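>
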Ligand SMILES: [Zn+2]
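Set out below in structure tokens:
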């Protein structure tokens with residue numbers, strides 16, 4: 001399993017917390033017809049993206065990007081000790097997969113300069129915090145945490161109506177500890193990292209582009225979840241807050257990077273997860289990079 005990639009002067013590490021069965025394809029992608037699934041079952045299974053019972057296989061992971069100046073963690077995955085009754089394998093989890101993966105890649109929590117979240121869903125914020133003496137504290141003590149301001153505002157509003165546990169235990173404690181930076185789309189880190197607004201999955205969803213003067217790598221977050229969506233960009237998963245906008249964002253993202261050298265680092269595609277976008281018929285394919 002490839003866990004390390006390079007692009008330009010960047011080194012990119014995957015820190016995999018979990019990879020396996022997620023949801024039945026028809027459940028997760030309500031627009032997926034039995035005919036389209038039948039046509040695509042073969043390559044999806046060969047790619048390790050679908051199992052024998054038509055359940056989608058997803059990876060849950062962070063990326064660490066080393067630029068010449070900074071060490072940046074993108075999306076902080078699921079986390080430990082968090083009450084997640086809706087998903088038993090994530091609920092009050094205590095395994096050491098994540099911190100072991102971090103150490104195996106050669107990093108300690110103190111090495112991370114920035115933590116950046118593509119959006120504030122449960123599986124992208126979990127390791128923002130860890131439990132210490134009964135309190136949630138930032139896991140990465142030296143990091144500044146970058147959240148999109150419009151995304152933060154959306155969850156603040158949603159949380160005011162009915163409590164959103166991942167926001168309460170994995171985002172707000174970072175703000176209270178004064179480690180958070182709420183940014184607009186003009187935020188950049190020197191000349192190496194920029195924001196690409198990619199709304200739809202959530203209203204303030206953003207992708208991160210890295211590379212000096214050109215996009216050597218892009219971190220796509222949840223603008224797509226499964227390789228079948230590169231073939232059919234209109235297929236929006238049931239979690240997309242605005243499925244129509246998400247489909248539009250997905251197609252324009254794929255068009256933007258189609259037939260370029262940019263390494264597309266997805267959040268959830270099964271291993272090796274990372275690839276380059278190429279045209280295929282009316283859609284696209286993410287050609288994996290080993
Ligand atoms: Zn996700």
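Numbering (the numbering used here), first residue to last: 1 to 290.
Where a beta carbon is used, it is the ideal one built from N, C-alpha and C, also for glycine.
Computed from a predicted model, the values in this text were never measured in an experiment.
Could you check what DSSP says for residue 148 in three-state terms: helix, strand or coil?
Residue 148: strand per DSSP, three-state reduction.
> Is it the case that the CB of residue 123 approaches a heavy atom of ligand 1 more closely than 8 Å?
Yes - ligand 1 has a heavy atom lying nearer than 8 Å to the Cβ of residue 123.
> Label residue 93 either buried or exposed according to how many other C-beta atoms from any shown protein chain fall within 10 Å of its C-beta, with 16 as the threshold for buried.
Per the 10 Å Cβ criterion, buried.
> Taking the Cβ atom as the reference point for each residue, do residue 148 and residue 184 lie within a distance shorter than 9 Å?
In this structure, residue 184 lies closer than 9 Å to residue 148 by Cβ.
> If distances are taken between C-alpha atoms only, which option among 112, 87, 56, 192 comes closest to residue 72?
Comparing Cα-Cα distances from residue 72 to each of 112, 87, 56, 192, the minimum goes to 112.
> Less than 8 Å between the CB atoms is what I'm expecting for residue 63 and residue 78, so what's the real figure, rounded?
Rounded, the Cβ-Cβ distance is 15 Å, inconsistent with contact.
> Name, in chain order, the residues that DSSP records as bridge partners for residue 13.
Answer by DSSP bridge pairing, in chain order: 4, 64.
> Closest by CA to residue 228, which one among 47, 154, 22, 4?
Ranking 47, 154, 22, 4 by Cα distance to residue 228 puts 47 first.
> Return the bridge partner residues of residue 43 from the DSSP annotation.
Its beta-bridge partners do not exist; DSSP assigns none.
> Quick one: residues in its chain with C-beta nearer than 8 Å to the C-beta of residue 11, no 5 flanking neighbours on either side, listed in chain order?
So the list reads 4, 5, 65, 66, once near-sequence residues are dropped.
> Relative to the C-alpha of residue 172, which residue among 187, 133, 186, 153 is closest?
Looking at the Cα atoms, 153 is the closest of the given residues.
> Are residue 109 and residue 60 close, meaning C-beta to C-beta below 9 Å?
No, they are not a contact pair.
> For ligand 1, is there any heavy atom lying closer than 8 Å to the beta carbon of residue 225?
Within the cutoff, so yes.
> Leaving out five residues before and five after residue 131 in sequence, what residues of the same chain have Cβ atoms less than 6 Å from its Cβ?
Same-chain partners within the cutoff: 81.
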